[in-house]
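Numbering-wise (this note's numbering), the sequence shown opens with residue 261 and increments by one.
Below is one structure, written out as structure tokens; the observations come after it.
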Amino acid sequence: MIELRKVEGVTMRKEILKTLMENTDKYISGETLSQRFGVSRTAVWKAINQLKEQGYEIESISRKGYKLLEKASALSADELSIFIKSDNHAYFFRCEKTVDSTSNLLKQLANDGAPEWTVVLSEEQSDGRGRLGRQWISNVGEGIYMSLLLKPDIQPFHAAKITQIAASAVTLAIREVTGLPALIKWPNDIVVEGKKVCGILTEMSAELNQINHVILGIGINVNGESIDDEIKDKATSLKIALSSAEKIDRKLVLKSFYSHFEALYGAFLDDKTATKSIAICREYSAIIGKTVQIIRRQESQDVTVLDITDEGELLVRHVDGREEVIISGEVSIRRGEQYI
Ligand code: BTN
């Protein structure tokens with residue numbers, strides 16, 4: 261009973277927000293809202309206060325009603341679930357102000373039985389994690405720090421392809437929303453003009469033949485205005501790359517990402533091949549045809565990148581002419597002194 265009321269409350273708050281967003285040119289009375297959603301005026305007032313707490317600037321004038329003046333700058337679960345919808349499943353967005361890592365929080369939620377397509381976002385992370393034990397700098401409000409819970413019915417060895425699917429969807433989203441020439445640095449980085457703007461960390465809980473869940477962690481540097489000294493040679497933000505005075509709307513990037521991700525992930529589940537995503541990874545590869553250094557267990561080797569295989573591995577040629585297929589696992593790729 262309590263749970264049901266809570267869900268109704270959230271749904272009603274979302275509907276009120278949607279109504280205010282659709283009517284920013286006028287006041288909507290408390291009476292209208294309470295009649296429209298079949299709730300008391302007090303319930304409307306409470307929902308409005310909760311929206312204000314989330315950062316929405318809402319003017320209330322007695323005998324006129326409520327008007328939305330400014331949307332919240334922080335990402336809000338109510339707004340995301342209005343803005344991002346699927347015909348095939350529900351999204352369960354959860355937006356936090358601060359967490360150690362969205363992937364850590366999502367792991368706890370998954371262990372407590374959270375459904376597939378639960379998405380945790382945070383305005384900042386105090387302990388954002390990258391691949392190979394690296395740190396992911398997650399300054400407040402500057403990026404998209406997001407983890408998505410998936411429960412694919414596939415053999416565990418197929419799971420690495422989910423990174424390629426996500427990389428393709430992020431690349432298409434960045435290109436679509438900003439027009440920037442985003443490229444994929446296999447296996448899990450997105451770069452713009454040679455500098456990293458996004459990293460992907462895919463983590464899995466599995467038995468020998470069965471996946472319990474996959475946590476897809478994605479960090480995108482969206483609106484950062486300066487880059488920390490220690491990474492400024494190899495990282496940038498979309499805002500810096502665009503030389504834009506305006507902030508980029510993170511919701512647009514998210515909406516575009518999810519529309520591409522759903523289509524590519526759906527195709528993957530249908531036939532267990534990531535053909536479409538691999539084609540995108542090839543088309544927008546930052547490294548195919550280039551000479552790079554593959555770094556494994558502290559050892560660096562010069563190789564020419566020939567292709568990405570249909571299985572999502574990297575096909576390279578060593579200086580002695582030997583060809584090798586590399587799986588994503590534990591390799592880093594560098595290009596001389598440059599990041600890429
Ligand atoms: C990498 O480039 O090494 C991967 C970086 C992944 C960062 C994201 S941010 C959201 C999620 N939470 C984390 O702690 N890490 C991932």
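Just so you know, even glycine gets a beta-carbon here, dropped at the ideal spot from N, CA and C.
Distance check between S322 and each of E282, G290, R595, W446 places G290 closest, using alpha-carbon atoms only. For ligand 1, no non-hydrogen atom lies closer than 7 Å to the CB of G454. For Q314, the distance from the CB to the nearest heavy atom of ligand 1 is not below 7 Å. Burial state of E543 is exposed, judged by a 10 Å Cβ sphere holding fewer than 16 other Cβ atoms. In this structure, ligand 1 has no non-hydrogen atom nearer than 7 Å to the beta-carbon of Q470. Taking 7 Å as the cut-off, the C-beta of L461 counts as close to a heavy atom of ligand 1.
Here the distance from the Cβ of I478 to the nearest heavy atom of ligand 1 is below 7 Å. About 5 Å separates the beta carbon of N483 from that of K507, a gap short enough to meet the 8 Å contact definition. No Cβ-Cβ contact shorter than 8 Å links S497 with E436. For V452, the CB contacts under 6 Å within the same chain, skipping 5 residues up- and downstream, are L440, A442, A501 in chain order. P416 is positioned such that its CB atom lies closer than 8 Å to that of I471.
Taking the Cα positions, E490 is about 13 Å away from Y599. For V379 against Y351, the beta-carbon gap comes to about 6 Å, under 8 Å, which counts as contact.
When DSSP reads this structure, F528 sits in no beta bridge, so it has no partner.
Per DSSP, F343 is one residue of the alpha helix (DSSP H) stretching across 337 to 343.
The DSSP-derived three-state label of L575 is strand.
Excluding five sequence positions before and after A429, the CB atoms of its chain that fall closer than 7 Å to its own CB belong to F517, H520, F521, L524, given in chain order. Contact fails between the region 336 to 356 and the region 390 to 397, because fewer than three Cβ pairs, one in each stretch, are under 8 Å apart.
Between the alpha carbons of K331 and E317 lies a distance of about 6 Å. Residue state for N371 is assigned as helix, using DSSP reduced to three classes. Here M272 is not bridged, per DSSP, to any residue. Placement of the Cβ of S363 at a distance of less than 7 Å from at least one heavy atom of ligand 1 is found. No heavy atom of ligand 1 is found nearer than 7 Å to the CB of G290.
Relative to the non-hydrogen atoms of ligand 1, the Cβ of S407 comes within a distance shorter than 7 Å of at least one.
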